[in-house]
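Undergrad: This is the structure, below, for whatever I ask next.
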């Protein structure tokens, strides 16, 4: 499961589509609809949010908005909760840089034409709208 902290606008098609599917699975886990994946490290930050379903709903909404802008048809009715004022999650600069490097490696092999659209790494890449950036290293939940 990869729930990108990066802005959806920099995700290539494969990362955006897979992120949508995986976030829908995360939503199901957070809603208690499955017994699997409940201890997945990437879910920890959503589980620790005061309103986990609102947070994953905001995450899905951000992916949906980008997909719509690209002309894709993601089914917004699958988002269980779309709240207006969701407290943001934090993401460290180190985590964003790690994810950008991870995305760059994937894009290099599956869609190299997307590489010029990725930030150059001179500064931390933009986060998903749900997140606000703080200084720090790669998250301890990240599997490296």
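Residue numbers (my numbering): 1020 to 1163. Cβ coordinates follow ideal geometry from the N, Cα and C atoms, glycine included. Just so it is clear, the structure is predicted and the values come from calculations on it, not from any experiment.
Is the number of C-beta pairs between the segment 1054-1070 and the segment 1081-1089 that are closer than 8 Å three or more?
TA: The answer is no - the segment 1081-1089 does not touch the segment 1054-1070, with fewer than three Cβ pairs under 8 Å.
Undergrad: Would residue 1132 be called buried (16 or more neighbouring beta carbons within 10 Å of its own) or exposed?
TA: As a working mapping, residue 1132 is identified with position 113 in the chain shown. Flag for residue 1132 reads exposed.
Undergrad: Assess, as a yes-or-no matter, whether the segment 1041-1054 is touched by the segment 1142-1160 under the definition of 3 or more beta carbon pairs within less than 8 Å.
TA: No: fewer than three Cβ pairs fall under 8 Å.
Undergrad: For residue 1249, which three-state DSSP category applies?
TA: Here the chain has residues from 1020 to 1163 only, and residue 1249 is not among them.
Undergrad: Between which two residues does the alpha helix (DSSP H) carrying residue 1119 extend?
TA: Here residue 1119 corresponds to residue number 100 of the chain shown, with the count starting at 1. Here the alpha helix (DSSP H) through residue 1119 covers 1112-1129.
Undergrad: Since I believe residue 1106 is in contact with residue 1146 (beta carbons under 8 Å), could you give me their beta-carbon distance rounded to a whole number of angstroms?
TA: Position 127 of the chain shown, counted from the first residue, corresponds to residue 1146. Position 87 of the chain shown, counted from the first residue, corresponds to residue 1106. Rounded, the Cβ-Cβ distance is 15 Å, inconsistent with contact.
Undergrad: Rounded to whole angstroms, what's the CA-CA distance from residue 1120 to residue 1136? Just pull it up for me.
TA: Walking along the chain shown from the start, residue 1120 turns up at place 101. Walking along the chain shown from the start, residue 1136 turns up at place 117. Going from the Cα of residue 1120 to the Cα of residue 1136 covers about 13 Å.
Undergrad: Exposed or buried, residue 1064, counting other C-beta atoms within 10 Å across all chains shown (16 or more means buried)?
TA: In the chain shown, the residue the question calls residue 1064 occupies position 45. Buried is the call here.
Undergrad: Out of 1096, 1116, 1125 and 1094, point me to the one whose CA is closest to residue 1034's CA.
TA: The residue given as residue 1034 occupies position 15 in the chain shown. Among 1096, 1116, 1125 and 1094, the Cα nearest to that of residue 1034 is on 1125.
Undergrad: Which of the three DSSP states, helix, strand or coil, is assigned to residue 1151?
TA: Here residue 1151 refers to the residue found at position 132 when the chain shown is read from its first residue. Strand.
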